[in-house]
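Notes follow the structure.
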Amino acid sequence: MPLLIDGTPHEDGVFTLELTPDAPHRLKTSPGQGSLTLGPRTLLKTADLWLPVDACVLWSCFDPFATPAGSPWPRSFYYTGNDSGFFTWAQLRTIENFSWYPQLQQDVHIDASQSQIRELSIHLQAGNQGHIHLKLPQQGMRLHLQGNLEQITVTAGLPESLSLSPATSKNPADEAFQLPDMGSLKQVATLELRNGAGKQPISLQNLLQFSKLESLSLWGNHSDLAQLSSCTQLKALSLRFMRHLSGLPALPTWPELDFFIAYNVEEATGKHLRQQLKDRAKARPWADYTSVSQLRKPEWWAKEYGRPFAGWPTARARIAHAAYELAEQEIGTASNLGHVQAALTAFTARFNTVKGIETSEREDLGLAVQQLAQLPAALSLKLTDEQAQQWFDENRDY
């Protein structure tokens with residue numbers, strides 16, 4: 062795709078950019094490219110432009126670039142660093158999507174009230190020491206917050222919609238995560254809560270702080286669904302990749318509901334929801350879209366999300382699932398603790414010959430051993446988590 066630079070068409074290639082006050086940077090573009098990734102080599106595996114975390118970024122260096130249709134290019138940015146000057150730059154230049162991964166060591170106060178960013182995603186890292194105080198526009202921006210939600214305070218303005226993806230553990234047995242007080246964001250009418258289907262649940266106990274909620278979308282593992290009965294003003298409700306729907310109120314709980322989706326949810330409740338859709342349609346026709354699809358049996362959830370291999374590369378995940386299933390079978394027929402030890406040792410050692418096990422994958426394998434140690438057969442033989450962890454550590458080379 063040719064680019065316009067100061068109005069003149071250019072084929073994709075290498076361009077010199079005055080990205081920072083230091084030496085010029087070289088930008089290589091490729092056909093169809095609409096986004097740019099910027100950040101430090103120490104934190105990113107790949108990037109279009111490399112620069113230190115605390116580099117001063119001259120964002121206006123992108124002003125000459127446009128698409129053949131005349132729209133600003135790039136449309137989307139993925140930036141890891143601490144220069145918040147893009148908010149000021151965006152007062153004059155529209156940005157379709159900006160994903161920011163700050164690495165702050167001190168508090169910052171940002172005025173984005175005039176920024177023309179259609180979709181803003183802020184990824185709040187666990188190691189950050191600073192707090193973000195952010196003024197938003199009064200309308201028009203979709204805001205996504207991911208990670209440690211307590212690292213940011215919105216002091217003014219209100220997003221068109223709010224998406225929250227709090228940092229949760231990989232263990233679904235952990236105590237449910239409680240949403241913090243979201244301050245002025247409690248006034249939003251459209252909210253999305255995103256979580257992994259096999260992760261620590263997000264409790265809905267603090268959902269009532271969003272007193273003006275009209276549209277709610279839930280993804281993944283959530284608990285305390287009975288709290289939804291207090292959100293009587295809901296007009297739209299979406300449930301996706303939800304393994305547990307216990308406590309979910311019946312659809313008549315929301316008299317104004319006209320949009321409903323249940324997709325990839327547990328089978329038993331899903332069947333009841335289908336019937337409730339039909340019953341409601343007889344009493345009052347649905348004015349908008351409704352669907353209940355991809356109902357899943359317990360064994361599907363156990364394989365797809367009950368094990369900590371969901372984010373693994375396909376080939377490696379296949380090895381992990383096969384090893385897990387073998388260990389599960391052997392533990393199920395174990396008659397003494399030695400048999401359990403042999404099964405866990407074999408599972409652990411299987412990955413000594415798998416090249417490139419990453420730190421996160423090693424942690425996943427440790428969690429898998431904990432899960433295997435919680436099987437009824439293992440518990441009946443008095444296996445402790447400490448003993449299982451010891452066998453794991455003694456028999457791994459990764």
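If you want my numbering, it's the position in the sequence shown, counting the first as 1, plus 61.
Using N, Cα and C, we set each Cβ at its ideal position, and we do this for glycine too.
Run of the alpha helix (DSSP H) containing residue i, from where it starts to where it stops
i: Y385; result: T375 to G393
i: H333; result: E328 to A344
i: S132; result: S132 -> no alpha helix (DSSP H), and no H or E assigned at all.
i: D401; result: The amino acid occupying residue 401 in the given sequence is Val; Asp does not appear at that position. Counting along the chain, the alpha helix (DSSP H) containing V401 begins and ends at L398 to A410.
i: Q446; result: Position check: residue 446 holds Asp in this sequence, whereas Gln was assumed. Here the alpha helix (DSSP H) through D446 covers D446 to E455.
i: F147; result: F147 to W150
i: S441; result: P437 to S441
i: E365; result: P359 to E365
For residue i, the first and last residue of its enclosing beta strand (DSSP E)
i: E180; result: I178 to L185
i: H86; result: H86 to K89
i: V430; result: Element bounds for V430: not the beta strand (DSSP E) but the alpha helix (DSSP H), T420 to A434.
i: V78; result: In the sequence under discussion, the amino acid at residue 78 is Leu, which differs from the Val named in the question. Element bounds for L78: V75 to L78.
i: L279; result: S276 to W280
i: E253; result: T251 to R255
i: T103; result: No beta strand (DSSP E) holds T103; DSSP gives it neither H nor E.
Which of helix, strand or coil DSSP assigns to residue i
i: P70; result: strand
i: P313; result: helix
i: K196; result: strand
i: A287; result: helix
i: L221; result: It is Glu, not Leu, that sits at residue 221 in the sequence shown. E221 falls in the coil class under three-state DSSP.
i: G244; result: helix
i: W347; result: coil
i: Q270; result: helix
i: A127; result: strand
i: S352; result: strand
i: E236; result: coil
i: S160; result: strand
i: S174; result: coil
i: N413; result: helix
i: L210; result: helix
i: S230; result: coil
i: S307; result: coil
Contacts around residue i, its chain only, beta-carbon distance under 7 Å, and the 5 residues preceding and following it disregarded
i: L246; result: V215 and L223
i: E328; result: L356, R357 and K358
i: P113; result: P101
i: N232; result: Q261 and L428
i: I418; result: F412 and Y459
i: G95; result: P135, R136 and S137
i: D144; result: A116, C117 and V118
CB-CB length for residue i against residue j, believed under 8 Å
i: D319; j: A348; result: 4 Å
i: A287; j: P310; result: 7 Å
i: N456; j: T409; result: 4 Å
i: I392; j: A344; result: Incorrect: roughly 51 Å between the Cβ atoms, too far for contact.
i: V326; j: L300; result: 6 Å
Other residues of its chain near residue i: CB distance less than 6 Å, five sequence neighbours each side excluded
i: H184; result: Y162, Q207 and G208
i: D285; result: S264, L265 and Q266
i: T98; result: A108, D109 and Y139
i: I380; result: none
i: E317; result: K296
i: S182; result: S160 and H205
Same chain, Cβ closer than 8 Å to residue i, five either side skipped, listed in chain order
i: L398; result: L442, K443 and L444
i: Q190; result: L165, Q166 and Q167
i: Y385; result: R368, F370, F408, A429 and L433
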